[in-house]
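So that you can map any letter, position 220 of the sequence shown is 231 in this note's numbering, and since no number is skipped, the others follow by simple counting. In what follows, a structure is listed as structure tokens, so that the remarks can point back to it.
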Amino acid sequence: ELVVHPLHRRRGLGRALVTGAVEAAERADAAGRLRLWAHGDHPSASALALSLGLKRTRVLWQMRRSLFAELPELVMPAGVRLRPFEPGRDDVPWVELNRTAFADHPEQGKWELRDLRLRMSEPWFDPNGFLLAEDREHRLLGFHWTKVHGEQQEHLHDPIGEVYVLGVHPDAAGMGLGRVLTVAGLRYLRARGLHQVMLYVDESNRLATTLYTGLGFARWSTDVLFMRSAL
Numbered sequence: 012e013l014v015v016h017p018l019h020r021r022r023g024l025g026r027a028l029v030t031g032a033v034e035a036a037e038r039a040d041a042a043g044r045l046r047l048w049a050h051g052d053h054p055s056a057s058a059l060a061l062s063l064g065l066k067r068t069r070v071l072w073q074m075r076r077s078l079f080a081e082l083p084e085l086v087m088p089a090g091v092r093l094r095p096f097e098p099g100r101d102d103v104p105w106v107e108l109n110r111t112a113f114a115d116h117p118e119q120g121k122w123e124l125r126d127l128r129l130r131m132s133e134p135w136f137d138p139n140g141f142l143l144a145e146d147r148e149h150r151l152l153g154f155h156w157t158k159v160h161g162e163q164q165e166h167l168h169d170p171i172g173e174v175y176v177l178g179v180h181p182d183a184a185g186m187g188l189g190r191v192l193t194v195a196g197l198r199y200l201r202a203r204g205l206h207q208v209m210l211y212v213d214e215s216n217r218l219a220t221t222l223y224t225g226l227g228f229a230r231w232s233t234d235v236l237f238m239r240s241a242l
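Written out as structure tokens, the structure is:
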């Protein structure tokens, strides 16, 4: 990740930091491969990255929505029910569903059981806010894992909800589960007394951005991934 404080920009610090990162990458990897996240889609950041041979490869939006605003009614598809995640029972089936739902995702699709359990050990983990959709045969069709930021002392802001991970099995596509699961999670977060909710989504994921925009989310900020390919 690379960021320069707004009060210290235009002094060559960004170029010095990128140059240092490139040198470190070349020491660590014969091909000199490097990935850098720049927070905020600033024109100067893009200009600097491109001038040093990095390519813009991924754009991540943070979107937000007020929980004071009206929420749609929760209408479940026929034969589908929602229930909370049950630690121990759902660990392995959820990992399999997650890997299937995010098979093409550069990060989420690589999760293993240890990745799930690491997050289950975090103080913010709440199984009641980890909603699963299943059919009559108890097969998992999708999920909405919510999260709350700011309840721990290290956060210096009021609590805010998050659509942490939302996924639907490809076989359940077209049922409207993505919308249903999103609404269910938003209603859960509002019931906890939260006023606002956030999420992260790839700009290129048009289905997801359309879903969230239709549910009242708006873009809040943008982060850009720049990459230096193998030499």
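All residues carry an ideal CB built from backbone N, CA and C; glycine is no exception.
According to DSSP, residue pairing for P134 in a beta bridge does not occur. Excluding sequence positions up to five before and after L63, its CB lies within less than 6 Å of the CB of V29, all in the same chain and listed in chain order. The C-beta of N139 has fewer than 16 other C-beta atoms within 10 Å across all chains shown, which makes the residue exposed. For G196, the enclosing alpha helix (DSSP H) has its first and last residue at 188 to 202.
When secondary structure is reduced to three states using DSSP, V103 falls in the helix class. Within the same chain, P88 come within 6 Å of M186 by CB-CB distance, once the 5 residues on both sides are set aside.
When the beta-carbon positions are compared, L108 and H155 stay at least 8 Å from each other. For F79, the number of other beta carbons within 10 angstroms of its own is below 16, and it is reported as exposed.
One alpha carbon belongs to A42, the other to G120, and they sit about 25 Å apart.
Inter-residue distance for Y211 and A184 is about 21 Å (C-alpha atoms, whole angstroms). Shown here for L59: same chain residues with a beta carbon closer than 7 Å to its own, the five before and five after excluded, namely G25, R26, V29 in chain order. Exclusion of the five residues before and after A219 leaves V212 as the residues of its chain whose Cβ lies within less than 6 Å of its Cβ. In summary, G90 is exposed, with fewer than 16 beta-carbon neighbours lying within 10 Å of its beta-carbon over all protein chains present. Spanning the alpha carbons of A49 and W122 requires a straight line of approximately 24 Å. Ranked by Cα distance from L127, the options D40, V176, E84 are led by V176. Residue range 151 to 160 is occupied by the beta strand (DSSP E) that includes G153, with no alpha helix (DSSP H) assigned at that position. By the neighbour-count criterion, in which 16 or more other beta carbons inside 10 Å mark a residue as buried, E133 falls on the exposed side. For A195 and R201, the gap between their C-alpha atoms comes out near 10 Å. Judged by beta-carbon spacing, L222 lies beyond the 8 Å limit of G178, meaning their Cβ atoms are not closer than that value. Annotation: L63 is outside any alpha helix (DSSP H) and is labelled neither H nor E by DSSP. As a beta-bridge residue in DSSP terms, F237 pairs with L47, R67. Taking every protein chain shown into account, the CB of H19 has fewer than 16 other CB atoms within 10 angstroms, so this residue is exposed. Excluding five sequence positions before and after H180, the CB atoms of its chain that fall closer than 8 Å to its own CB belong to L108, T111, A112, L151, L152, G153, given in chain order. Distance from the CA of R94 to the CA of R217, rounded to the nearest whole angstrom, comes to 28 Å.
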